[in-house]
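A.B. asks:
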Amino acid sequence: MNTKIENPKTGIILISILLAVFVVPTSISGTAIALPFIGANLSANATSLQWIVNSFNLTFACFTLLWGSFADTFGHKRAFIIGATIYTIASLLSAIAISPLMLDIARSFAGVGGAAIFSCGSTILIKTFDGDKRTNVFAFFGTTAGIGITFGPTISGFLLDLFNWRAIFILHTIILAIVIFMISTIRNDNPIKRQY
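Under numbering that gives the first Met the number 0, the final residue of the sequence shown carries the number 195; numbering is consecutive throughout.
In structure tokens form, the structure reads like this:
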């Protein structure tokens, strides 16, 4: 029997995962346009600035499969929450970074958390939805990621105009804190087809 997307609990699962999925590509494309402002503020050289982006991409790629293995052992919901928490803390550290090295390290940990969001989030959706609902949900998943990568520079540019580069990471922190709260409200007795 298909799990109805209209169910409040499955709706919370979907919205929270899509919010997290939106943040990850937004962070990739949006951070790139902030590099000149970061360099000026932190007196960072070109190499340090490039690693702000590269460190995220590197850890994201390396930890995606590891999160899958971890989640199979300890549960996908738990792994997703841990990953989102890592990303939240890393985003907060990025926002208050006082040196290029601190920002590079924080971004590398954000990549670790981002890998969990994509790896575990997609698995949770697979285990939550069936049939046509699953197809529709993954269409939302892909569209959300695409919107994030496309509008990341626009959102970051808006924040740069209004505030400064630190506001970009503060926004990520706030959104992911909301995600963690939302997904944590789902108890294991929810009407999910399979446990996650």
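Glycine included, C-beta positions come from ideal geometry on N, C-alpha and C.
In this structure, how does DSSP classify I51 when only helix, strand and coil are distinguished?
C.D. replies: Numbered from 1 along the sequence shown, position 52 holds the residue referred to as residue 51. Looking at I51 - three-state DSSP - the assignment turns out to be helix.
A.B. asks: So S107 packs on T58, CB below 8 Å; how close in whole Å?
C.D. replies: As a position in the sequence shown, residue 107 is number 108, starting the count at 1. As a position in the sequence shown, residue 58 is number 59, starting the count at 1. That pair is a contact at about 5 Å.
A.B. asks: Quick one: what does DSSP say G67 is sitting in, helix, strand or coil?
C.D. replies: Position 68 of the sequence shown, counted from the start, is the residue given in the question as residue 67. Helix at G67.
A.B. asks: Closest to G67 by C-alpha separation, out of N56, S54 and I81, would be which residue?
C.D. replies: By 1-based counting over the sequence shown, the position of residue 67 is 68. For the residues N56, S54 and I81, the minimum Cα distance to G67 belongs to I81.
A.B. asks: Find the nearest neighbour of V111 within the set T63, I177, R165 and L17, judged by alpha-carbon distance.
C.D. replies: Translated into the one-based positions of the sequence shown, residue 111 becomes position 112. If we check each option's Cα against that of V111, T63 comes out closest.
A.B. asks: Decide if S93 is buried, meaning its Cβ has at least 16 other Cβ atoms within 10 Å, or exposed.
C.D. replies: Residue 93 sits at position 94 when you count from the first residue of the sequence shown. The residue in question, S93, is buried, as its Cβ has 16 or more Cβ neighbours within 10 Å.
A.B. asks: Check whether the segment 173-182 and the segment 40-55 are in contact - that is, three or more C-beta pairs closer than 8 Å.
C.D. replies: They do not touch, by the three-pair rule.
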